[in-house]
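Remarks on the structure that follows.
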Amino acid sequence: MAFTQLIVNGLIAGAIYALIASSFSLIFNIIKFMDLSPGAIFVTAAFSAYAFNIILGLPFPIAVILALIVSITVSLLINKLVYQPLINKKSNSFTLLLASFGVFLIVTGFILLIFGAEVKTFGLPITKGYEVLGFIITKTQIILIITSFIIFIALHLFMKKTKLGKAMRAMSDNKQVASIVGIDVKKITNITFILAAFLASIAGILVALEQNLEHNMGFLVILKGLTASVIGGIGNVPAALIGGLIIGLVENIGIWYLPSGYKDAIAFVILIIFLIFRPKGLFGTKTREENSG
Amino acid sequence: MERKINTSRVVGTLVILIAIVAIIVGCTAQSGNNNSDSNEEIKLGWLGPLSGDAAAYGEPLQQVVNLAVEEINNNGGIKGKKLKVIFEDGKCEGKEALSATQKLINIDGVKIILGGTCSGETLGAAPAAEQNKVILFSAGSGSPDITKSGDYVFRNFPSDATSGSKVAKAAIDNKHKKIAILAEQTEYAQAVKNVFKTTLTNSGGSVVIDESYASDGNDYRTQITKIKAANPDAIYVVAQTPAKYGLALKQIRELGVNQQIYTNEFAAAGDILKDYSKEVEGAIYAVPYFNENEQKSKELLDKLKAKYGKLSGALPPVYLATQYDAVYLLSESIEKCDLNTDCIKTELYKVKNREGATGTLTIDQNGDAVFEYVLKKIVNGKESEA
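Residue numbers (our numbering), protein chains in the order written: chain A, 1 to 293; chain B, 294 to 679.
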C-alpha cells in the first residue's frame, strides 16, 4: 500500500520537475546556455495568478490567462533587454548564466517588495484525497499530473509535426544553416521563450495551487529542474519529462529507506553519477561543442 | 581581446544589477529609520530574518522595533541622543547571521545587537559577540543551547526546552505513548524535538518514527507516508515558519492521517488559524506565557494595530511583546551605562520583576528569561486552555 503511495508522491513531484526541466531544455536548445530565468517566470506566474484571482477577485480561468500573459511578457523582456544585448556582444555562456541568475534574484526581490514575505495560499479547501488502489490523491494533484502530461504530449507533437517546431529543431541543430535556409532566427527565439515561459508558468501556478506561495519558491525548483534536465539529456525536451519523473520517483522512494534528511542529497547524487558516467544524460546525443563546432 | 573587454563589462553590469537588488532589499529592510539626521545618535544593531520564509516574521518584528524606537526618540531619545537601529538580515541561518554580526560590529561599530530572531542566528552570532564584548540580546530565540552560549548573550524569551518537555508530558497524560515526529531541519526545531524525545522516552513513551524535512522543501508526502505506515498514537510536528507549518498540516490531513497533533506555538499564529483552522483544530502545544488582556500588553497590540493596520499573522503575539520590551530594556541600560558593555551586562543580570508588555521579566544567571511555557489547545479555531 505504502509503495503505490510512494509512486504517486514521486509522480506529483516529478510532474513539476519535468515541466520546469523542459522549460530549461527548450531554451538551452535554441540559445545554447543554461538560462535560470524559468525560475523567475515560475514565481512571476504564481504570484500574478494570485494577484488577479485572490486580490482582484477575477475568476480563476481569467486570472490564469492574465498571469500567462504577464509572465510571458516578462520572459520576452528578459530576452530582449538582458540576453540579446549580451549575445550580440558575443558573451560566453557563463556570462549569460550569471546574468540569468541576476535576473532571477531581481525578480524574486521585486516579488518580495510587492507582495511581502508572508505566506499566501489560494485557499482551496483541504480535504482528504480520494483513496484508490491503496494510495491517496487529491483533486488538485490529479489535475496537476493530468495537466502536465497533456502539455507534454502537445509539446512533443508541436516539436515533431508543426513547421514551427521543425524550425526550432533545425535552429537547435545549427543556427547558421537554419538562418541561411530562411528560418527567421529572431522569431524562433521569441517563440522559444514564449513556450518556455508557458511551461514554467503552468508549473508555477500548479505549485501555487498545490502548496502555497512564497517569494523564494523558485530556488529549489531551479535546482531540481536543472538536475532533471541534465539527467534526461540537456536540450532534449521529451527527455526532460523522463528526467523529472526519475528525480521525483527516486527521491521519494529513496527516503522510504533512508532518513528523510537525505531527500535533496539523493537527487544530487544521481546528478553526480550522471555527470560522471553519462554526462550527455539518458537521451542526450549532442554536446554544446559538437553543436556549435 | 575584444571578447575579454566585453566580458568584464558584462560582469560589471551584473554587479550593478545585483547591487540594485541589494539596495531594494536594503531599503525595505531599513525603511522607517532614516528620520534621524542628528550626528548625536546611538546605534543599535538588529539581527533577524529579512529574506526567505522566515522574513514573514522578520518584517513584523522590524515594525515593532520601529514603533519602540519612534516612541523613545519622540520622548527625547536616550540622554538627548536619538536611538538608531541598523537592521541586518540573518536569513534565519547561523552562517549568514555571523557575517551580518561581523558587519554590525566591525563596520557599523555597534556595541549592542538586538537579535538574532531564529535560534540558528543567535547561536551563529554568539561567538562573535562574545569575542568582541558586544551585547547580543535575543527577543525570540528559544533553543536551549543559547543558555550556555556566552556571558554577553541574553534573552527575554524563554528557553523552549520547557516547550518540548511540557508537550511530551501532555502526550503521556493523554495516553499517547507511540509518537511519530515530523520536524524541520533547523537548530530551533531539532533542539525542541530532542527535548520532546528525551522527556517522552523517559516517561515511558516511545518515538516510533523520527522524520524531518529541509526548510527549502515543500513536499513532505513521503515522510508523512512513512509516519502513517508506523501507525502512531499521535504526531509531534515542529516547524520553523508558518509557511512550512501550514504545508505540513495540509499534507498530513490530505493523506488521511487523523491522529492527534502535538506541536509548537505556531499553531496559534494568525496565518495558521486563518488558513488552516480545520487542520490545526485540537492541536496541543506550548506557548510562552502571555496575557493579551493585561494593560501593557493590550496597549502594545492596540498601538501596533493602529499604526500598521493589523497584527502580523506570522507569529503568536508574545513575540511582538518581547521584541518591544527588548528595545526599551536595552535603551534603559544604555541610559545607565552609556555604551559600556560590561556595565550593561551587569545591569541586565540584575533585571528582576520588570514590568513590560510581555508581563514580568526576570533574567537569571545564564542570561535567560525566567518565564515559562504554558500548554494550550486549539478549540473552535482559537487558542484555549489545554
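Where is the CB? At the ideal position from N, CA and C, for every residue including glycine.
8 angstroms Cβ cutoff, I87/A in contact with chain B: For I87/A, the answer is no, since every Cβ of chain B falls outside 8 angstroms of its Cβ.
Let me see if you follow: with CB-CB separation under 8 angstroms, is V250/A close to chain B or not? No, V250/A does not count as interfacial toward chain B.
What residue from G129/A, L56/A, G10/A and L26/A has the CA that sits closest to V550/B's CA? Among G129/A, L56/A, G10/A and L26/A, the Cα nearest to that of V550/B is on G129/A.
So which residues on chain A does Y601/B lean against when the C-beta distance must stay under 8 angstroms? Listed along chain A is no residue with a C-beta nearer than 8 angstroms to that of Y601/B; the closest approach is about 12 angstroms.
Y257/A classed as buried or exposed, judged by whether at least 16 other C-beta atoms fall within 10 angstroms: The residue in question, Y257/A, is exposed, as its Cβ has fewer than 16 Cβ neighbours within 10 Å.
Beta-carbon separation (whole angstroms), L623/B vs L416/B, contact threshold 8 angstroms: Not a contact, Cβ separation roughly 20 angstroms.
How is N326/B classed by DSSP in three states: helix, strand or coil? Only weak support exists for where N326/B lies, its pLDDT of 42 falling under 50; the value from the coordinates is given anyway. Assigned with DSSP and collapsed to three states, N326/B falls in coil, not helix or strand.
Give a yes or no on contact between the segment 461-471 of chain B and the segment 497-516 of chain B, applying the rule of three or more CB pairs nearer than 8 angstroms. The segment 497-516 of chain B and the segment 461-471 of chain B touch, with three or more beta-carbon pairs separated by less than 8 angstroms.
When A349/B, V672/B and I627/B are compared against N216/A, the one with the closest alpha-carbon: Per the Cα distances, A349/B.
Quick check on this structure: which residue in K120/A, L209/A, P125/A and P279/A has the alpha carbon closest to the alpha carbon of D564/B? Here the closest residue by C-alpha is K120/A.
Taking 8 angstroms as the threshold (beta carbon to beta carbon), is G510/B in contact with chain A? It does: the Cβ of G510/B has a partner Cβ on chain A nearer than 8 angstroms.
How is E333/B classed by DSSP in three states: helix, strand or coil? Note: E333/B maps to coil in three-state DSSP.
Just list the alpha helix (DSSP H) runs in the segment 363-402 of chain B, keeping only unbroken ones of 4 residues or longer that don't cross its boundaries, in chain order. Entirely contained in the segment 363-402 of chain B, the alpha helix (DSSP H) runs reaching 4 residues are, in chain order, 387-395.
Restricting to Cα atoms, I'd like to know which of P535/B, N367/B, L360/B and Y506/B is closest to G261/A. Checked all of P535/B, N367/B, L360/B and Y506/B; the closest Cα to G261/A is Y506/B.
Assuming contact is defined by CB atoms lying nearer than 8 angstroms, are L360/B and K600/B in contact in what I supplied? Taking 8 angstroms as the Cβ cut-off, L360/B and K600/B qualify as a contacting pair.
Can you list, in chain order, the residues of the segment 119-141 of chain A whose Cβ is nearer than 8 angstroms to any Cβ on chain B? Taking 8 angstroms as the Cβ-Cβ cut-off against chain B, the residues of the segment 119-141 of chain A that qualify are V119, T121, G123, I126, T127, K128, G129, E131, I136 and T138.
Per-residue DSSP class, three states only, for D35/A: Residue state, collapsed to three classes: coil.
Answer yes or no: does any C-beta atom of chain B fall closer than 8 angstroms to that of K263/A? Output row for K263/A: interface = yes.
Presumed contact (8 angstroms Cβ cut-off) between L56/A and I253/A, rounded CB distance: Not quite, the Cβ-Cβ distance comes to about 42 angstroms (not below 8 angstroms), so this is no contact.
Within 7 angstroms of chain A by C-beta, residues of the segment 492-523 of chain B in sequence order: Within the segment 492-523 of chain B, the residues whose Cβ lies closer than 7 angstroms to some Cβ of chain A are E504, S505, Y506, A507, D509, G510, N511, D512, R514, T515, Q516, T518, K519 and A522, listed in chain order.
First through last residue of the beta strand (DSSP E) which encompasses E648/B: Note, E648/B: beta strand (DSSP E), R647 to G649.
Could you check which residue in T651/B, V667/B and K669/B has the C-alpha nearest to that of R448/B? Measuring from the Cα of R448/B, the nearest candidate turns out to be T651/B.
Cβ of K280/A within 8 angstroms of any chain B Cβ: It does not: the Cβ of K280/A has no partner Cβ on chain B nearer than 8 angstroms.
The alpha helix (DSSP H) enclosing R448/B, as first and last residue numbers: Secondary structure note for R448/B: it is in no alpha helix (DSSP H), and the uninterrupted beta strand (DSSP E) holding it is V446 to R448.
What separation, rounded to the nearest whole angstrom, lies between the Cα atoms of Q141/A and D618/B? The alpha-carbon separation between Q141/A and D618/B amounts to approximately 46 angstroms.
Assigned secondary structure, G261/A (DSSP; H/G/I helix, E/B strand, else coil): Three-state result, G261/A: helix.
Can you grab the Cα-Cα spacing for the pair H294/A / D453/B, in whole Å? The question about residue 294/A has no answer, for chain A in this structure spans 1 to 293.
Quick check: is the beta carbon of I145/A nearer than 8 angstroms to any beta carbon in chain B? No, because no Cβ of chain B sits closer than 8 angstroms to the Cβ of I145/A.
Using only the alpha-carbon positions, how far apart do Q323/B and T615/B sit? With a pLDDT of 44 at Q323/B, under the threshold of 50, the modelled position of that residue is not reliable, and the figure given next carries that caveat. A straight line joining the alpha-carbon of Q323/B with that of T615/B spans about 21 angstroms.
Buried/exposed call for S677/B, threshold 16 Cβ in 10 Å: Exposed, since its Cβ has fewer than 16 Cβ neighbours within 10 Å.
In terms of residue numbering, what span does the alpha helix (DSSP H) encompassing T471/B cover? It is worth fixing the name first, because residue 471/B is Lys in this sequence and not Thr. In this chain, K471/B is not harboured by any alpha helix (DSSP H); it is covered by the beta strand (DSSP E) spanning K471 to E477.
Give the interface partners of Q478/B over in chain A, defined as CB-CB distance under 8 angstroms, in chain order. The contacting residues are G261.
What does L56/A reach in chain B if we use C-beta pairs closer than 8 angstroms? Ordered by position in chain B, no residue passes the 8 angstroms Cβ test against L56/A, which lies about 19 angstroms from the chain.
DSSP three-state call for K670/B: helix, strand or coil? Strand.
May I ask you to report which of helix, strand or coil DSSP gives E587/B? In the structure shown, E587/B sits in coil (DSSP, three-state: anything other than H, G, I, E or B).
Can you name the residues that DSSP bridges to G652/B? The partner list for G652/B (beta bridge, DSSP) reads G649/B.
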